[in-house]
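Down below is the structure, laid out as structure tokens.
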Amino acid sequence: MKNITIVIGAVALAAASAGAGITWQQAHTMTVINGSKKLMNMPIKSAAGIKSTAPSAVVQDDSGKTVLYWYDPMVPKQRFAKPGKSPFMDMQLEPKYGVESSASTNSGSQTSTDSQNSVMIDAQTMQNLGLRLANVEVHSFANSVTSVGRIASDERRFYAIQTRTAGFVEKLLVRAVGEPVAVGQKIAEVYAPELLGVQQEYLVLLGIKNGTITPDLLQAARDRLKLLGMTEAEIANIAHHNKASPRFGVYASAAGVVTELNVREGAQILPGLSLMQVSDLSKVWLIADVAERDAGRIKIGSVANIMLLNSSNETIKAKVNYLYPSLDLTSRTLSVRVDLPNKSGNLRPGMYANVDFTSQAHSSLAVPTESIISTGTRKVVVLQQATGFRPLEITTGQEQNNQTEILSGLTEGDKVVASGQFLIDSEASLSGVMTKLQVSADSTAKQAMPTMKLPTVTPKVITQAAEKMPHGQGKVTEVDTKLGKVTLAHEPIAELGWPAMTMGFSLTDPKILAKLKVGDNVEFDLKHDPKTDQYNIQQINKQAASKTEGKS
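In terms of our numbering, the sequence shown has 363 at position 357, counting the first letter as 1, and numbering is strictly consecutive.
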């Protein structure tokens, strides 16, 4: 394919100064590719030895303003001589207007500075681009943290049921984990030969009528039977029948459900052995795991709004009772505990619930979350001023209901761009405004820390940071093996602030095109080319069939 290059000689403007005349000249290179004309600046030196790179500002559009050139907001360094459809993606080219000289002539020094750092966009273009503004307003922010909790047994209400003498389990009345038991319920019968001799000694003492047996001796014998596990009722029964029995009952000391069962019928038991464990579920715990970054926002006494995930969708309001002293080293979360009454028994250990922890609300400035551009190292909004639009770095707080808290950078009543920021961001990059903002931020940081020594960064770390590439998904609509390009209808790419659109990409390795065909659903990684200021495809792979079907 031939590229036709036409050199347009331009005689621009003549300016006279005191005693000397200076002539400025500008030449442009018009390259025709597939019928589309691209205007390239080609500076030449004037007779006075001064060169200029400013395009010839002689074209006007319907707005009556001077148009320097047209450009694609997604590829801002490619310039075109006339309006039309972008060859890179499915969108119209945008005009680049010249700044009126009166704007700087009739304004003060502050206005002049703002104008230099601003991007001028007229009302008609704003409407065509669909730009939407939002006010910086005061909103109420509750100190809210959302998490998922689980119902668990109250560990302070576990009861172990033991025997105090050796013997054998003759009858087990509770035979499975999970069975409910009541206070004082008989749960097992134990045969204990050791107990038989102690009972007979007690009966002998009862049978002596000569007055030598004092009440203290009888009470001591009774206490010995109690220490071996017999109840008052069982002791009274053997005294009434005047007959010793080697069997005694084991009774539940608390109401609840059996959570452990350690014996079966016929098993031999030893003193102190736990036959079973009973858990009292009249009160339970809700334990929620909170991310480390949110742990400081929850205090003892914070309100917890709990919504059960079962069919009832019951909502419970309670308060935080305990914060665990250490974080989970694997998940980096802090466990938060809430005590809940459970007389009805509807709260069962193992159930899940959504938990919203809230504390006293506070008022703060806020903007719509969609208006914030995140670069990874800082947060930026596009601020509307009298001189145009200016990118402004801000500090943000928490986010609620699609509103983000502003800690610094904006004042009440300011207007920011809520949609279409990527177009203005592209224009700002084209005009050098974003570069100025970055340079200003770097110099401010250095002035604020004149004595601080910055740590030495190893080349390995720098390489890892540079290799982080934006990731996207889309469908192949065209494959051009001659030019080494592929056209994709891709989904939004959050890292770059790109909406869903159809656009063409070059590949760092054109050989990859051989495995692609129209209609393929693909995933791809982009790499920025500083020479062309474009994003090229570094890696592209077809999506798995199951994943593709899920998206269709």
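Beta carbons: idealized from backbone N, C-alpha and C, even for Gly.
N- and C-terminal bounds of the alpha helix (DSSP H) containing residue i
i	result
N141	From DSSP, N141 is part of no alpha helix (DSSP H) but of the beta strand (DSSP E) over 138-141.
N316	Per DSSP, N316 belongs to no alpha helix (DSSP H) and is neither H nor E.
D222	221-233
Simplified DSSP state of residue i, which is helix, strand or coil
i	result
T11	Reliability of the predicted coordinates at T11 is poor, the pLDDT of 37 falling under 50, and the value obtained from them is presented with this limitation in mind. If DSSP states are grouped into helix, strand and coil, T11 belongs with the strands.
N311	strand
A301	helix
L276	coil
G394	strand
S377	helix
Q283	strand
I206	Sequence inspection shows Gln at residue 206; the Ile mentioned does not correspond to that position. Reduced to three states, the DSSP call for Q206 is helix.
Y541	strand
M522	The displayed chain sequence assigns Leu, not Met, to residue 522. Correct three-state label for L522: coil.
E185	coil
M440	Bear in mind that the predicted position of M440 carries a pLDDT of just 49, short of 50, making it unreliable; the figure below should be weighed with that in mind. The answer is helix: DSSP assigns M440 an H, G or I state.
L212	helix
P536	coil
R156	strand
R343	strand
L335	coil
R270	coil
L292	strand
E529	strand
L353	coil
For residue i, the first and last residue of its enclosing beta strand (DSSP E)
i	result
E176	173-178
R85	81-86
N408	Careful: N408 lies outside any beta strand (DSSP E) and carries neither H nor E.
I499	First-last for I499: undefined, no H or E at that position.
T265	262-267
E195	192-197
Q168	164-168
K71	From DSSP, K71 is part of no beta strand (DSSP E); its letter is neither H nor E.
S425	421-425
G255	253-257
N360	358-364
Of the listed residues the options, nearest to residue i (C-alpha basis)
i	options	result
A172	R230, G235, R181, E161	G235
M313	S153, A198, G307	S153
F164	G272, I275, S288, A182	S288
L398	R181, G415, A424	G415
V528	S512, N352, Q545	Q545
R138	E376, L502, N407	E376
D539	S280, W76, R85, Q549	R85
G262	Q191, P199, A294, L315	Q191
V144	I241, V180, H368	H368
C-alpha gap between residue i and residue j, whole angstroms
i	j	result
G382	P536	19 Å
D362	R162	25 Å
L494	T410	33 Å
P498	K491	20 Å
V264	D531	56 Å
K342	S150	First, the residue type needs correcting, since residue 342 is Val and not Lys in the sequence shown. Computed Cα separation, rounded: 14 Å.
T417	L371	8 Å
S425	L99	19 Å
V423	K325	40 Å
N141	F147	17 Å
G356	S350	16 Å
K548	V485	14 Å
G601	K481	Here the chain comprises residues numbered 7 to 558, so residue 601 is not present and cannot be evaluated.
K83	S337	45 Å
D222	G213	15 Å
P374	Q404	12 Å
L519	G510	13 Å
A451	R354	A caution first: A451 carries a pLDDT of 45, below 50, which makes its placement in the model unreliable, though a value can still be read off. Computed Cα separation, rounded: 55 Å.
I379	A182	60 Å
V189	D286	10 Å
N316	P331	30 Å
S280	N348	26 Å
Residues sharing a beta bridge with residue i, DSSP
i	result
D486	K491
A242	Paired residue(s): none; A242 is not in a bridge.
M509	M95, L494
D515	Beta-bridge pairing links D515 to no other residue.
T401	S414
I306	In the DSSP output, where bridge partners are listed per residue, I306 has none listed.
H247	In the DSSP output, where bridge partners are listed per residue, H247 has none listed.
Y77	R85, E100
Q479	E529
N547	E529
T321	M313
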